[in-house]
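Below is one structure, written out as structure tokens, with a few remarks after it.
Residue numbers (my numbering), protein chains in the order written: chain A, 5 to 142; chain B, 334 to 633.
Shown next as structure tokens:
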């Protein structure tokens with residue numbers, strides 16, 4: 005099993021890299037959630053805000069809230085270039101919930117100057133953070 | 334010999350200069366710490382992204398995206414990054430010298446299109462007969478990401494339209510608090526510069542690909558190649574510009590700290606020399622007065 009692991013790197017501007025050896029990783033791709041295991045074909049996709057779930061070599065699960073970006077997949081390596089990311093354990097759930105409520109309110113009662121696209125993205129990001137914090141995945 | 338008063342006045346003046354240089358050194362040191370943290374944080378993402386883009390450029394056809402187009406000897410765009418403020422040693426002169434050397438050695442025959450960032454660079458390049466197209470002053474007053482986009486977007490647009498065939502950036506790369514090195518980096522096109530694997534791949538293609546050679550497989554793109562490349566390449570160049578501005582800022586504070594440290598020490602030396610001179614002059618005056626008193630007494 006040893007050589008069957010993938011090297012997962014999470015990266016975002018103004019943030020340290022996170023590097024993990026993993027059995028598999030789940031990413032929120034633009035065309036749907038995908039799982040990567042050892043030997044995946046080279047693959048490049050854009051990500052939407054969501055939860056990245058990394059299952060490490062010991063079978064332990066690491067949850068991250070990522071807010072969109074890119075993922076580059078190689079047979080032995082997965083690189084996630086997020087616009088920002090946060091480990092689920094570090095998420096402030098209260099704040100994330102407040103952010104979700106704000107975004108929902110803005111979407112349900114849109115005013116003329118409301119940027120709907122931005123509000124929707126904010127909602128996705130908040131939901132991703134809540135999910136990562138509560139380790140519910142998707 | 335200079336009078337006592339004159340020496341005293343000079344000591345006071347050097348002391349007040351020393352106070353200023355010492356204060357500037359301390360300000361630079363605290364700014365350095367902050368900007369050093371910023372660059373250390375900015376680097377991993379920028380490097381990973383650059384690697385990804387290089388690896389795409391290696392696989393994708395240059396025709397797939399305008400930013401991958403390899404030039405054919407047209408105009409060269411150069412972004413020169415300097416500081417707005419002086420008193421930072423050779424910081425700005427080094428960049429300008431690096432620029433002139435690069436032009437003479439590599440682009441002597443080419444037409445240039447120069448963008449200058451920083452007031453000092455604007456001042457230093459004014460006297461030279463260069464085609465400066467745009468200048469940016471005071472970029473560190475606002476958000477850096479916006480400034481980076483502001484600087485680079487026109488350059489990218491120009492490259493897409495074929496106005497320039499290559500774009501380089503000359504800036505001070507931050508090595509450590511006391512060391513900065515002038516770096517010339519190619520921003521566009523994204524093709525890997527003298528990448529050995531690129532040559533190997535080309536050679537393999539010609540020879541019918543030996544079995545051991547790592548097979549270079551193009552990515553599977555989702556949703557589609559154009560959309561991803563457009564987003565990724567534009568984002569990449571902004572991120573790189575952003576990183577360069579951070580590199581330059583950290584280098585500037587480092588250079589200023591070093592320069593002001595040297596100035597403070599130098600002022601200390603001048604002060605001790607002048608103090609010695611002052612004491613001697615005072616001693617001489619006392620001796621002279623004594624001699625006068627003694628010889629006056631003897632004369633009686």
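Just so you know, even glycine gets a beta-carbon here, dropped at the ideal spot from N, CA and C. Owing to the predicted nature of the structure, the values given are computational and were not obtained by experimental measurement.
To which residues of the same chain is residue i closer than 7 Å at the C-beta, ignoring the five residues directly before and after it?
{"i": "residue 364 (chain B)", "result": "586"}
{"i": "residue 597 (chain B)", "result": "351, 354, 355 and 358"}
{"i": "residue 516 (chain B)", "result": "504 and 506"}
{"i": "residue 485 (chain B)", "result": "570, 571 and 574"}
If you draw a straight line from the C-alpha of residue i to the C-alpha of residue j, how long is it?
{"i": "residue 490 (chain B)", "j": "residue 440 (chain B)", "result": "22 Å"}
{"i": "residue 539 (chain B)", "j": "residue 390 (chain B)", "result": "At residue 539 (chain B), the pLDDT of 43 sits below 50, so the modelled position is not reliable; the number obtained from the coordinates is stated separately. Between residue 539 (chain B) and residue 390 (chain B), the C-alpha separation is close to 19 Å."}
{"i": "residue 567 (chain B)", "j": "residue 38 (chain A)", "result": "25 Å"}
{"i": "residue 529 (chain B)", "j": "residue 384 (chain B)", "result": "Because the pLDDT of residue 529 (chain B) is 45, which lies under 50, any placement of that residue in the model is unreliable, and the number read from its coordinates should be weighed accordingly. Answer to the nearest angstrom: the Cα atoms are 14 Å apart."}
{"i": "residue 628 (chain B)", "j": "residue 617 (chain B)", "result": "16 Å"}
{"i": "residue 447 (chain B)", "j": "residue 464 (chain B)", "result": "6 Å"}
{"i": "residue 419 (chain B)", "j": "residue 619 (chain B)", "result": "45 Å"}
{"i": "residue 83 (chain A)", "j": "residue 77 (chain A)", "result": "6 Å"}
{"i": "residue 461 (chain B)", "j": "residue 96 (chain A)", "result": "55 Å"}
{"i": "residue 126 (chain A)", "j": "residue 104 (chain A)", "result": "8 Å"}
{"i": "residue 346 (chain B)", "j": "residue 423 (chain B)", "result": "25 Å"}
{"i": "residue 396 (chain B)", "j": "residue 409 (chain B)", "result": "20 Å"}
{"i": "residue 558 (chain B)", "j": "residue 459 (chain B)", "result": "43 Å"}
{"i": "residue 468 (chain B)", "j": "residue 26 (chain A)", "result": "48 Å"}
{"i": "residue 572 (chain B)", "j": "residue 592 (chain B)", "result": "30 Å"}
{"i": "residue 42 (chain A)", "j": "residue 67 (chain A)", "result": "19 Å"}
{"i": "residue 286 (chain B)", "j": "residue 502 (chain B)", "result": "No answer is possible for residue 286 (chain B): it lies beyond the span of chain B, which begins at 334 and ends at 633."}
{"i": "residue 425 (chain B)", "j": "residue 496 (chain B)", "result": "28 Å"}
{"i": "residue 349 (chain B)", "j": "residue 595 (chain B)", "result": "16 Å"}
{"i": "residue 477 (chain B)", "j": "residue 367 (chain B)", "result": "14 Å"}
{"i": "residue 431 (chain B)", "j": "residue 44 (chain A)", "result": "45 Å"}
{"i": "residue 80 (chain A)", "j": "residue 379 (chain B)", "result": "21 Å"}
{"i": "residue 457 (chain B)", "j": "residue 473 (chain B)", "result": "19 Å"}
Which residues of chain A have a Cβ atom closer than 7 Å to the Cβ of residue i, listed in chain order?
{"i": "residue 564 (chain B)", "result": "50"}
{"i": "residue 391 (chain B)", "result": "In chain order: nothing, as chain A lies at least about 11 Å away."}
{"i": "residue 611 (chain B)", "result": "Going along chain A, no residue has its Cβ under 7 Å from residue 611 (chain B), so there is no contact; the nearest lies around 54 Å."}
What residues of chain A sit near residue i, judged by a beta carbon separation below 9 Å?
{"i": "residue 374 (chain B)", "result": "17, 18, 19 and 20"}
{"i": "residue 572 (chain B)", "result": "17"}
{"i": "residue 385 (chain B)", "result": "48, 74, 76, 83 and 85"}
Cβ closer than 8 Å: which chain A residues qualify as neighbours of residue i?
{"i": "residue 381 (chain B)", "result": "13, 15, 21, 83 and 85"}
{"i": "residue 282 (chain B)", "result": "Residue 282 (chain B) is absent from the model: chain B starts at 334 and stops at 633."}
{"i": "residue 399 (chain B)", "result": "Going along chain A, no residue has its Cβ under 8 Å from residue 399 (chain B), so there is no contact; the nearest lies around 19 Å."}
{"i": "residue 522 (chain B)", "result": "Within 8 Å Cβ-Cβ: nothing; residue 522 (chain B) doesn't reach chain A, min ~19 Å."}
If you drop the 5 nearest sequence neighbours on each side, which residues of the same chain put their C-beta closer than 8 Å to that of residue i?
{"i": "residue 601 (chain B)", "result": "351"}
{"i": "residue 371 (chain B)", "result": "579, 582 and 583"}
{"i": "residue 427 (chain B)", "result": "505, 513 and 515"}
{"i": "residue 398 (chain B)", "result": "559, 562, 563 and 566"}
{"i": "residue 444 (chain B)", "result": "407, 408, 409 and 464"}
{"i": "residue 21 (chain A)", "result": "13, 14 and 15"}
{"i": "residue 381 (chain B)", "result": "none"}
For a contact defined as C-beta to C-beta under 9 Å, what are the partners of residue i on chain B?
{"i": "residue 35 (chain A)", "result": "555 and 556"}
Starting from the beta carbon of residue i, find every residue of chain E whose beta carbon is closer than 8 Å, and list them in chain order.
{"i": "residue 550 (chain B)", "result": "The structure shown contains no chain E; its protein chains are A and B."}
Near residue i, which residues of its chain fall below 6 Å by C-beta distance, leaving aside the five closest residues on each side in sequence?
{"i": "residue 407 (chain B)", "result": "498"}
{"i": "residue 134 (chain A)", "result": "100"}
{"i": "residue 52 (chain A)", "result": "32, 34 and 72"}
{"i": "residue 521 (chain B)", "result": "492 and 500"}
{"i": "residue 129 (chain A)", "result": "53 and 71"}
{"i": "residue 452 (chain B)", "result": "417 and 470"}
{"i": "residue 47 (chain A)", "result": "77"}
{"i": "residue 551 (chain B)", "result": "392"}
{"i": "residue 631 (chain B)", "result": "none"}
{"i": "residue 89 (chain A)", "result": "14, 16, 68 and 70"}
{"i": "residue 518 (chain B)", "result": "502"}
My assumption, with CB atoms under 8 Å, is that residue i sits in contact with residue j. Please give the rounded CB distance.
{"i": "residue 13 (chain A)", "j": "residue 29 (chain A)", "result": "At roughly 10 Å, the Cβ-Cβ gap does not stay under 8 Å, so residue 13 (chain A) and residue 29 (chain A) are not in contact."}
{"i": "residue 102 (chain A)", "j": "residue 110 (chain A)", "result": "The pair is not a contact, with the Cβ atoms about 13 Å apart (cut-off 8 Å)."}
{"i": "residue 590 (chain B)", "j": "residue 361 (chain B)", "result": "4 Å"}
{"i": "residue 19 (chain A)", "j": "residue 374 (chain B)", "result": "6 Å"}
Any chance the CB of residue i is under 7 Å from a heavy atom of the ligand ZN?
{"i": "residue 124 (chain A)", "result": "Here there are no bound small molecules, and the ligand ZN is not part of this structure."}
Give, in chain order, every residue of the stretch 37-50 of chain A whose Cβ lies closer than 7 Å to some Cβ of chain B.
-> 45, 46, 47, 48, 49 and 50
Name the residues in the stretch 61-82 of chain A whose C-beta lies less than 7 Å from a C-beta of chain B; which are they?
74 and 76
To be precise: take each residue of the stretch 449-479 of chain B, compare its Cβ to all Cβ atoms of chain A, and keep it if any distance is under 9 Å. Which residues remain? 478
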